[in-house]
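J.: First, the structure itself, so that you have it in front of you.
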Amino acid sequence: MLLDPPGWPGMPQGLPHWPYVQAVDEALAGRGVPPGTVRADCHGLERGFSSYMRLTWDASRTSGRGGIRLHWEERTGCAYALLGLNPADVLFYSVLPSFRTVFATPEAVADVAENLVHRRQLPEEKYRTEWDGARAVRAAARDFRRVRLGLSPVGRQETEGDGRMVSGIAEGAGVQLTIDTQTDTYEQAIAAVRAAYGRNRAG
Numbered sequence: 049m050l051l052d053p054p055g056w057p058g059m060p061q062g063l064p065h066w067p068y069v070q071a072v073d074e075a076l077a078g079r080g081v082p083p084g085t086v087r088a089d090c091h092g093l094e095r096g097f098s099s100y101m102r103l104t105w106d107a108s109r110t111s112g113r114g115g116i117r118l119h120w121e122e123r124t125g126c127a128y129a130l131l132g133l134n135p136a137d138v139l140f141y142s143v144l145p146s147f148r149t150v151f152a153t154p155e156a157v158a159d160v161a162e163n164l165v166h167r168r169q170l171p172e173e174k175y176r177t178e179w180d181g182a183r184a185v186r187a188a189a190r191d192f193r194r195v196r197l198g199l200s201p202v203g204r205q206e207t208e209g210d211g212r213m214v215s216g217i218a219e220g221a222g223v224q225l226t227i228d229t230q231t232d233t234y235e236q237a238i239a240a241v242r243a244a245y246g247r248n249r250a251g
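Encoded structure:
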């Protein structure tokens with residue numbers, strides 16, 4: 049059972065995806081394949097403050113045939129790496145084709161991990177069910193990014209009928225910002241927010 053990191057729960061500067069990290073860790077422990085190392089954190093401004101998780105099993109946990117590492121990213125989902133006897137040696141790296149959703153259920157992650165750790169193979173099954181806590185974690189991640197940009201955690205967001213345009217109005221700011229979520233990169237969106245709110249300094 050992982051302990052809560054500093055700043056969580058109830059603190060917007062904490063790790064927004066920590067409930068998912070804990071749920072995955074519990075599912076792995078329940079399946080009898082707990083990772084030797086769990087790392088959870090958020091990227092910096094250059095990666096849009098996106099959340100990530102790394103789960104690592106060294107050779108001692110995989111019958112000595114080499115290690116396994118699972119990488120989870122908030123926007124891209126899961127990938128995996130086959131490691132040599134030295135965990136720094138990456139023999140193979142690929143996106144996990146088993147998952148058809150970014151927030152796969154912890155039980156699905158445990159199923160895939162068990163196959164990789166014990167057999168170094170991927171299951172044939174494709175997992176399409178999304179974890180039931182995904183919506184709350186996405187909202188926490190949104191508020192986390194707003195706080196990092198110096199904005200209030202809760203604002204009004206509106207979506208056009210075609211789902212393309214998102215407008216946010218910070219409470220009491222008197223500034224409206226429109227971002228095209230299909231063409232604007234995260235870097236462009238961040239730069240626009242900083243310019244609109246007078247926060248042009250890097251950091």
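Start counting the sequence shown at 49; every next residue gets the next number (the numbering used here).
The beta carbon of each residue, even a glycine, is placed where N, CA and C say it ideally should be.
May I have a chain-ordered list of the alpha helix (DSSP H) segments no shorter than 4 residues that lie completely inside the stretch 85-173?
T.: As far as the stretch 85-173 is concerned, its whole alpha helix (DSSP H) runs of at least 4 residues are 154-167.
J.: Evaluate residue 184 with the Cβ neighbour count: other Cβ atoms within 10 Å of its Cβ, from every protein chain shown; 16 or more gives buried, anything less gives exposed.
T.: Its Cβ having fewer than 16 others within 10 Å, residue 184 is exposed.
J.: Select from 103, 71 and 129 the residue whose C-alpha is nearest the C-alpha of residue 155.
T.: Minimum Cα distance to residue 155 is reached at 71.
J.: Nearest CA to the CA of residue 88: which residue from 81, 69 and 96?
T.: For the residues 81, 69 and 96, the minimum Cα distance to residue 88 belongs to 69.
J.: Use the C-beta contact count for residue 200: other C-beta atoms within 10 angstroms, 16 or more gives buried, fewer gives exposed.
T.: Exposed is the call here.
J.: Using DSSP's beta-bridge definition, name the partner residues of residue 178.
T.: Answer is 152.
J.: Does the beta-carbon of residue 94 have 16 or more other beta-carbons within 10 angstroms, so that it is buried, or is it exposed?
T.: Classification for residue 94: exposed.
J.: Starting from the Cα of residue 165, find the closest Cα among 117, 86 and 53 and give me that residue.
T.: Out of 117, 86 and 53, 117 has the C-alpha closest to the C-alpha of residue 165.
J.: Over the uninterrupted alpha helix (DSSP H) stretch that includes residue 69, give me the two end residues.
T.: From DSSP, the alpha helix (DSSP H) with residue 69 extends over 66-79.
J.: Just to confirm before moving on: does the CB-CB distance between residue 106 and residue 84 stay below 7 Å?
T.: Cβ distance < 7 Å, so residue 106 and residue 84 count as in contact.
J.: Comparing alpha-carbon positions, which option in 109, 124, 140 and 145 lies nearest residue 131?
T.: The shortest C-alpha separation from residue 131 is found at 140.
J.: To the nearest angstrom, report how far apart residue 159 and residue 80 are at their CA atoms.
T.: The alpha-carbon atoms of residue 159 and residue 80 are separated by roughly 11 Å.
J.: In three-state terms, what does DSSP make of residue 52?
T.: Coil, per DSSP.
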